[in-house]
Structure formats: C-alpha cells, structure tokens
Amino acid sequence: ITQLVVAQPVGAAYTAGSDGQLFRWRLGTFKGEPLGAHRGPVTTLASSFDGFWLATGGEDGAVEIWDLESVHDRKGAHHAAKVRAVVFSPDGNSIASTGDDGAVWSWSVLKGEGRALYKDAQPLTAIAWGATAIYAGRADGKVIAIDAATGKTLATLETHNAEVRVLALSPDCTYLASGSRDGSVIVW
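Everything in the sequence shown is counted per my numbering, starting at 8 for the first residue and increasing by one.
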C-alpha cells in the first residue's frame, strides 16, 4: 500500500499501491474489496469532500475519476509522464493533477472533460486547490500559484532548497503550507 484516504461521510477507506489495485475498506469491518486497477503503480489518491468520488493517478500517466456509488471509473487526462498528485476543487466539481511532464490538468468530475491548464519546464510534484488558485509544487523547490480559471501564473514562491513534496491549504484557504524533501515546512 502506497496511498490511503478515508472518505467521509461514506465511512470507508481506500488504498492503492504498486500493484495498481484500488481497494475499498468499510470502516469497522476491516474487509477489503477490489474496485479496479491502473495498468501500473498508483502514485496518488484523493477523495472528494462529500466522499462520493475518488481520483487516482499512476506511473503510466493515467488519471482516473471513480464514482464510488456505482464503482465506475471515468478516464481523465493522460499526462505524458508519471502523475505525482491529484486534488479536488473546493466545490468538488473539478479535479486537477500534476506530474513529471510539468503539466497541470483540470477537468469536470461529472463530464470527464478536461484540458491542460498550465505547463511548466520543471516536473510538478505536489498540488493544492484554493478558492481561486491552484498551487503547484516544483521539483526545484518553488511553488507556482496558477489562476484556476485561466491557467495564468499569479505568483512564484521561492521557497525550498529541494523538491516540494506536499502542499496543504487551511479549510478557509487563508494559509498555504509547503513541505519539502529538504525537511523544511513553510506556512504562507
């Protein structure tokens, strides 16, 4: 197991791993049921805030959106390289992903339609979605703020001395925290 999320209020945990398998674990029963698989290792996993959708990304560049009521997956964008991170928008209607190809993809959860929103020369290694901006962590330690509607760069935060591994926003989107491979954490 390399990825784990707990979906609330559904009452289940979801895991994925290097074998590409996605499992649902009902809380309290400790029994896992397979839901499907990627063609290769799953590298990232995210749950929607309402717990009805799951997004996965893999080493093969594929991003999939899973309807957890019907256990049906919809193909999302396909990166040209390994997917590093997926995130749901605050309203849960869209997802965004980043990867080693330097692209940020955004698309509708319900329609499955998407577009390349932003392209960077650096691999993009982490992602967070705020009220109006998407934040992407780079392999060189910087964080890029991107307008979620237009894809234009809003700011470049010169932060860490190594790859940004994780980004997190406070629930009210007031604070952004970044964590790096260099061991540092910065709160903006």
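The beta-carbon is built from N, C-alpha and C at its ideal position, and this holds for glycine as well.
Query - Cβ neighbour criterion (16 or more within 10 Å) applied to V49 - result: buried
Query raised in the report: If you count every other CB in all the chains shown that lies within 10 Å of the CB of R31, and 16 or more means buried, which is it?
Result: buried
Requested in this report: Identify the continuous beta strand (DSSP E) that holds S54 and give its terminal residues.
Outcome: V49 to S54
**Report entry** Cβ-Cβ separation, V93 to S54 (assumed contact under 8 Å), whole Å
**Finding:** That pair is no contact at about 10 Å.
**Report entry** Three-state secondary structure assigned by DSSP to A155
**Finding:** coil
**Report entry** Identified DSSP bridge partners for P41
**Finding:** In the DSSP secondary-structure assignment, P41 is bridged to F30.
Query raised in the report: Nearest to V173 by CA position, among T157, T139, Y182 and T132, is which residue?
Result: Distances from the alpha-carbon of V173 to those of T157, T139, Y182 and T132 put T132 closest.
**Report entry** Which of helix, strand or coil DSSP assigns to A14
**Finding:** strand
Query raised in the report: DSSP three-state call for T181: helix, strand or coil?
Result: coil
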